[in-house]
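J.:
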Amino acid sequence: MKRYLIFLFALLLLLSAACPALAGSVTNTSVNWKITPDGDDAALEAVWVGKPDDQGNVYLPVPPGKATWEKTEIKDGILSSEKPSDFLSEGNKVHRWQVKPSGEETTLKVIYKLPKLFAPKESEGSSEGGPTQRGDIRNIKFSFENTLPNGISSYNLTVVLPQGYEVFRVVSPKKYSLTQKDGISQLSVSLKGKDGSFGILPGKTSDLEFDYVKTGKGLGPLWVGIIALSAIFLYFRRDVLKPGAGGKQ
Amino acid sequence: MSTVAGTEKPSGFIMPKGEKTAFERWMKYLGIPVALAVFGLLYSVPTPAGLTVQGMTATGVFLGALVLWVSEAIPTYATSLLTIIALAITGAWDENSILGVFGYDVIWLMVSAFIIVSGMEKSGVAKRIALFMVSRFGNTARKALLVMLFTNFILAFIVPSTTARAAVLLPIAIVLAQAYGAVPGQSNFGRLLMIQELQVNNISTSGILTATAPQIMAVGFIKDLAGVQVSWMSWLIAAMPVAIVTMIISYLVGLLLYPPEVSAPKGKGIADMREELKSQGKINKDEWKALVIFALTIFLWATGPYHVKMFGINISLVMTAVIAATLFYLPFIGIIDWKKTSIPWDLMIFSCGAYAAGMALEKSGAASWGLEKIFGAMDLTKINFIVLFAIVMFIASFSHMLFTSKTVRAVILIPAIIGLAKITGHNPIALALPAAFTIADSITLPPNCKPNLIFYSTGQFSVLNQLSYGLIVLVGKWLVLCLASLTWFKWIGLY
Chain A
527 MKRYLIFLFA LLLLLSAACP ALAGSVTNTS VNWKITPDGD DAALEAVWVG
577 KPDDQGNVYL PVPPGKATWE KTEIKDGILS SEKPSDFLSE GNKVHRWQVK
627 PSGEETTLKV IYKLPKLFAP KESEGSSEGG PTQRGDIRNI KFSFENTLPN
677 GISSYNLTVV LPQGYEVFRV VSPKKYSLTQ KDGISQLSVS LKGKDGSFGI
727 LPGKTSDLEF DYVKTGKGLG PLWVGIIALS AIFLYFRRDV LKPGAGGKQ
Chain B
-6 MSTVAGTEKP SGFIMPKGEK TAFERWMKYL GIPVALAVFG LLYSVPTPAG
44 LTVQGMTATG VFLGALVLWV SEAIPTYATS LLTIIALAIT GAWDENSILG
94 VFGYDVIWLM VSAFIIVSGM EKSGVAKRIA LFMVSRFGNT ARKALLVMLF
144 TNFILAFIVP STTARAAVLL PIAIVLAQAY GAVPGQSNFG RLLMIQELQV
194 NNISTSGILT ATAPQIMAVG FIKDLAGVQV SWMSWLIAAM PVAIVTMIIS
244 YLVGLLLYPP EVSAPKGKGI ADMREELKSQ GKINKDEWKA LVIFALTIFL
294 WATGPYHVKM FGINISLVMT AVIAATLFYL PFIGIIDWKK TSIPWDLMIF
344 SCGAYAAGMA LEKSGAASWG LEKIFGAMDL TKINFIVLFA IVMFIASFSH
394 MLFTSKTVRA VILIPAIIGL AKITGHNPIA LALPAAFTIA DSITLPPNCK
444 PNLIFYSTGQ FSVLNQLSYG LIVLVGKWLV LCLASLTWFK WIGLY
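Read top to bottom, the protein sequences are chains A and B.
With this note's numbering, the residue at position 103 of the first sequence is 629, and numbering never jumps.
With this note's numbering, the residue at position 289 of the second sequence is 282, and numbering never jumps.
(1) Looking only at DSSP bridge pairs, what is K779(A) linked to?
(2) Please report how far the alpha carbon of V212(B) lies from the alpha carbon of N420(B), in whole angstroms.
(3) When you compare only the Cα positions, how much space is there between W228(B) and G661(A)?
(4) Can you name the residues of chain A whose CB is closer than 9 Å to the CB of V60(B)?
(5) Please list the partners that G43(B) has in chain A, where partner means a Cβ-to-Cβ separation under 8 Å.
(6) Please list the residues of the segment 385 to 410 of chain B that have a C-beta atom closer than 8 Å to any C-beta atom in chain A, keeping them in chain order.
(7) Does the CB of F613(A) have a neighbour CB from chain B at under 8 Å?
(8) When DSSP labels each residue in this structure, what does R664(A) get in the three-state scheme?
(9) Cβ of L191(B) within 8 Å of Cβ of N458(B)?
(10) Which of the three DSSP states is assigned to Q192(B) in this structure?
(11) With burial defined as no fewer than 16 other Cβ atoms inside 10 Å of the residue's Cβ, what is the status of W471(B): buried or exposed?
(12) If you drop the 5 nearest sequence neighbours on each side, which residues of the same chain put their C-beta closer than 6 Å to that of G716(A)?
(13) Would G81(B) pass as an interface residue toward chain A - the criterion being a Cβ-Cβ separation below 8 Å?
(14) Report the neighbours of E88(B) on chain A: residues whose CB is nearer than 8 Å to its CB, in chain order.
(15) What does W19(B) touch in chain A if you count any residue whose Cβ is under 8 Å from its own?
(16) Taking only three categories from DSSP, how would you classify H621(A)?
(17) Buried or exposed, going by whether 16 or more other CB atoms sit within 10 Å of the CB of T205(B)?
(18) On the three-state DSSP scale, how would you describe T144(B)?
(19) Where do the N-terminal and C-terminal ends of the beta strand (DSSP E) with R594(A) fall, by residue?
(20) Between the C-alpha atoms of A477(B) and I230(B), what's the straight-line distance to the nearest angstrom?
(21) So K282(B) is in the beta strand (DSSP E); what residue range does that whole segment cover?
(22) Please identify the residue among A370(B), I291(B), L340(B) and I432(B) whose C-alpha is closest to the C-alpha of P68(B).
(23) Given a cut-off of 8 Å on the beta-carbon distance, is the pair T598(A) and K639(A) in contact?
(24) Only counting the same chain, and skipping five residues up and downstream in sequence, which positions put a Cβ closer than 7 Å to that of T417(B)?
(25) Rounded to the nearest angstrom, what separates P563(A) and T239(B) at their Cα positions?
(26) Who are the neighbours of E735(A) on chain B, taking C-beta pairs under 7 Å?
(27) Are there three or more Cβ pairs, one per stretch, closer than 8 Å when the segment 694 to 709 of chain A is compared with the segment 746 to 754 of chain A?
(28) For the segment 743 to 767 of chain A, which residues have a CB atom closer than 7 Å to at least one CB atom of chain B, in sequence order?
(29) Which same chain residues end up closer than 6 Å to S611(A) when comparing Cβ atoms and leaving out the 5 residues on each side of it in sequence?
(30) Hey, is R664(A)'s beta-carbon within less than 8 Å of any beta-carbon in chain B?
(31) Go ahead and pull the three-state DSSP assignment for Q706(A).
(32) Rounded to the nearest angstrom, how far is the Cβ of L310(B) from that of A157(B), given a contact under 8 Å?
(33) Please name the residue in T144(B), I122(B) and V63(B) whose C-alpha comes closest to that of R267(B).
(34) For my contact list, T290(B) and A314(B) are in at a C-beta cut-off of 8 Å; report their separation, rounded to the angstrom.
(35) Between F448(B) and M187(B), which are expected to be in contact by the criterion C-beta below 8 Å, what is the C-beta distance as a whole number of angstroms?
(36) Nearest-angstrom Cα distance between F759(A) and I25(B)?
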């Protein structure tokens, strides 16, 4: 038991020594994530703006899913290594970069690959066939968890949809922005703190879930149906026009 | 129009029983193609920026259904069933939510209200009340209408819920319509009685701050965002004159649009009615039972805010109705069984479809997007106050056509209008408070609010009747509000 307590104490000391950068880390940061399609995959561009901590460290939450790091660029500074190192922040894995000089505001741009994000998925059905729904709807759920020990003052996530697709519905959050640029649909979520507060507090999550569909699918058959039905009703209901035909319902 | 008691003189508005005008026949003939085209167009055109495909589809389904309801190309309940199918298949709303509308409190309230109506009718007390009201106060159709309007207005001070008031008055309105021989769908008196009841229900609400919760919410926004506390009395002083003038407009417009085809109770003179009332003798046991249940229901509805203090539990509006309905079936207490219950299920189906279409419009974000677009499309910073006031009031009032919830409208409208007033340099209270007076303007379509559905369920009027009458009255109210902004609101020191 004594040995175990000594081991725990030693571990505690080790961890506290390893985390001084995070403990006194930056507070005024903004994180902008942009997801753009690349075939079935997607590229996630994470832009971090802020001041590195005293040791020149910059931390970013690891993107959800099977995201893999691709490259890192920096503006106003030098990176000791382009590739991030894994770092444990209160049990959560975060990515860390070392920037020189420390203490100066800088912009870090990191590119991740999100495999199969836009790949068509099998529609979920049950043994009873499931509820009535369109079969062409695709769903994306993207969760950003602030695993950093400090709050993020401003967080923005933009998802650019593949050409020819548009947002069918947004499940969450309730407040979002839908725009179109050169005929391409974009969905954005923005969380900004007011009066010095944080947009996302440590440990909090911002979820984005939406469905999207191919634009203008099935319009031909729809109009054929509309015209045919209209013609049928117009022809077979001519008697409705005769005085005395069809009483009040 | 000269009339003899119990007889009618045809006017331009009165048709032989069941006969449609040429315009109505053409609407019925073209209704289906037009509805299909409206849906097809909205489904096909590119989705505007800011709106989801679901929102666009919900708008298409809603407008298509509206064409069918107004044109009556197919029965309204069939349109509702088609609406339910279209919403699910196109994904405008999810199936579980659509089917869940049948379990909404408004549907339960309507079912319960019709059980109460059946109990009241079976006991004979409803007939006694109608005979008493008609022989005492309503010996002419116009007076009968006025008595009902006045009762509705007074109830607004006592029962703090538009829906509860509608449910209270429904049985009385039904027997009154029967006393005047109003056949559902064929009688101008029936149309007037029911539409005016729903209009007065909503309009009188706008005069009393506590008559509906969204108005209290609006006052909260005004306090938090504009820093002005609006008291119950200051609301009453500012809003009640507008409400009273609008109710007078509603009454007069109604008489012009749908002149009652009867001047006195059908086939009976007032003397006969008095005689019949006398022949009913003393109130019998069943009538007492029905009266006690009805009185208990009104008591529970009127004392809603104090339930917890009185009983330790809160009994909701709908649960009160279910309790009352249940009492009518219980041994020793009750007086009816299921076979003697008359529930218009076709109108329940209509209500479900109409409500689902309205909810889809709201849940998909299409309603709020539409409102934002309307506000955003105009550069309101460059116009003078009265023009700005007129535009804002018009949007605030008529936006009810997009929403089924007054609360959602209050949440979207009032903060936006306060923001607009600040940007344009006007006193926020001068725009936001009068806009709050329009929150209860939900009188044009059945799914706009629960009282509309309750009175529509009598089958006395069509969607087109309600729409045309409601639009005229709301334009009248809008003019009254504009006039008040130049006079009354200034005189009382609102701004």
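Each residue gets a CB set at the ideal place from its N, CA and C atoms; glycine is no exception.
T.: On the basis of the data shown:
(1) A query on residue 779(A) cannot be resolved here, the shown segment of chain A reaching from 527 to 775 and no further.
(2) In the second sequence, residue 212(B) corresponds to position 219, counting from 1. In the second sequence, residue 420(B) corresponds to position 427, counting from 1. Between V212(B) and N420(B), the C-alpha separation is close to 15 Å.
(3) Looking up residue 228(B) in the second sequence gives position 235. Looking up residue 661(A) in the first sequence gives position 135. About 52 Å.
(4) Position 67 of the second sequence, counting from 1, holds the residue named residue 60(B). Those within 9 Å of V60(B) in chain A number zero; the least Cβ separation is about 12 Å.
(5) In the second sequence, the residue the question calls residue 43(B) occupies position 50. Going along chain A in sequence order, the residues near G43(B) (Cβ under 8 Å) are S703, L704 and T705.
(6) none
(7) Start at 1 with the first residue of the first sequence, and residue 613(A) comes out as number 87. With 8 Å as the cut-off, F613(A) does not count as an interface residue toward chain B.
(8) As a position in the first sequence, residue 664(A) is number 138, starting the count at 1. Strand.
(9) For the purposes of this step, residue 191(B) is taken as residue 198 along the second sequence, with counting starting at 1. For the purposes of this step, residue 458(B) is taken as residue 465 along the second sequence, with counting starting at 1. No, they are not a contact pair.
(10) Translated into the one-based positions of the second sequence, residue 192(B) becomes position 199. In this structure, Q192(B) counts as helix in the three-state DSSP scheme.
(11) Mapped onto the second sequence, residue 471(B) falls at position 478. With 16 or more Cβ atoms within 10 Å of its Cβ, W471(B) is classed as buried.
(12) The count along the first sequence starts at 1 and reaches residue 716(A) at position 190. It should be pointed out that residue 716(A) corresponds to Ser in this sequence rather than to Gly. Excluding positions up to five away in sequence, the list reads N682.
(13) Position 88 of the second sequence holds residue 81(B). First, the residue type needs correcting, since residue 81(B) is Ala and not Gly in the sequence shown. Cβ-Cβ to chain A under 8 Å: yes for A81(B).
(14) Counted from its first residue, the second sequence places residue 88(B) at position 95. Going along chain A in sequence order, the residues near E88(B) (Cβ under 8 Å) are P657, T658 and Q659.
(15) Mapped onto the second sequence, residue 19(B) falls at position 26. Those are L767, listed as they occur along chain A.
(16) Position 95 of the first sequence, counted from the first residue, corresponds to residue 621(A). The answer is strand: DSSP assigns H621(A) an E or B state.
(17) On the second sequence, residue 205(B) is found 212 positions in, with the first residue counted as 1. Looking at its Cβ environment, which holds 16 or more other Cβ atoms inside 10 Å, T205(B) is buried.
(18) Taking the first residue of the second sequence as position 1, residue 144(B) is located at position 151. In this structure, T144(B) counts as helix in the three-state DSSP scheme.
(19) Here residue 594(A) refers to the residue found at position 68 of the first sequence. Residue 594(A) is actually Thr in this sequence, not Arg. Here the beta strand (DSSP E) through T594(A) covers T594 to K601.
(20) Position 484 of the second sequence, counting from 1, holds the residue named residue 477(B). Position 237 of the second sequence, counting from 1, holds the residue named residue 230(B). Taking the straight line joining both Cα atoms gives about 12 Å.
(21) If you number the second sequence from 1, residue 282(B) lands on position 289. Element bounds for K282(B): not the beta strand (DSSP E) but the alpha helix (DSSP H), K278 to A295.
(22) As a working note, residue 68(B) is residue 75 in the second sequence. If we check each option's Cα against that of P68(B), L340(B) comes out closest.
(23) Residue mapping note: residue 598(A) aligns to position 72 of the first sequence, counting from 1. Residue mapping note: residue 639(A) aligns to position 113 of the first sequence, counting from 1. No; because the gap between Cβ atoms is not below 8 Å, this pair is not in contact.
(24) Residue numbering aside, residue 417(B) sits at position 424 when the second sequence is read from its first letter. Cβ neighbours of T417(B) beyond the five flanking positions: L373, T374 and L381.
(25) In the first sequence, counting from the first residue as 1, residue 563(A) sits at position 37. In the second sequence, counting from the first residue as 1, residue 239(B) sits at position 246. Rounded to whole angstroms, P563(A) to T239(B) spans 57 Å at the Cα level.
(26) Here residue 735(A) corresponds to residue number 209 of the first sequence, with the count starting at 1. Ordered by position in chain B, no residue passes the 7 Å Cβ test against E735(A), which lies about 13 Å from the chain.
(27) no
(28) L745, L748, W749, I752, L755, S756, F759, L760, R763, V766 and L767
(29) Here residue 611(A) refers to the residue found at position 85 when the first sequence is read from its first residue. Correct list, in chain order: R622.
(30) By one-based count along the first sequence, residue 664(A) stands at place 138. Chain B, which has no Cβ nearer than 8 Å to the Cβ of R664(A), makes this no.
(31) For this step, residue 706(A) is matched to residue 180 along the first sequence. Of the three classes helix, strand and coil, the one that applies to Q706(A) here is strand, per DSSP.
(32) As a working note, residue 310(B) is residue 317 in the second sequence. As a working note, residue 157(B) is residue 164 in the second sequence. Indeed, because the Cβ distance is near 5 Å, the residues count as touching under 8 Å.
(33) Residue mapping note: residue 267(B) aligns to position 274 of the second sequence, counting from 1. Considering only alpha carbons, the answer is I122(B).
(34) Translated into positions along the second sequence, residue 290(B) becomes position 297. Translated into positions along the second sequence, residue 314(B) becomes position 321. About 7 Å separates the two Cβ atoms, so the contact holds.
(35) Translated into the one-based positions of the second sequence, residue 448(B) becomes position 455. Translated into the one-based positions of the second sequence, residue 187(B) becomes position 194. Indeed they touch by this definition, with Cβ atoms about 4 Å apart.
(36) Residue numbering aside, residue 759(A) sits at position 233 when the first sequence is read from its first letter. Residue numbering aside, residue 25(B) sits at position 32 when the second sequence is read from its first letter. So the two alpha carbons sit approximately 7 Å from each other.
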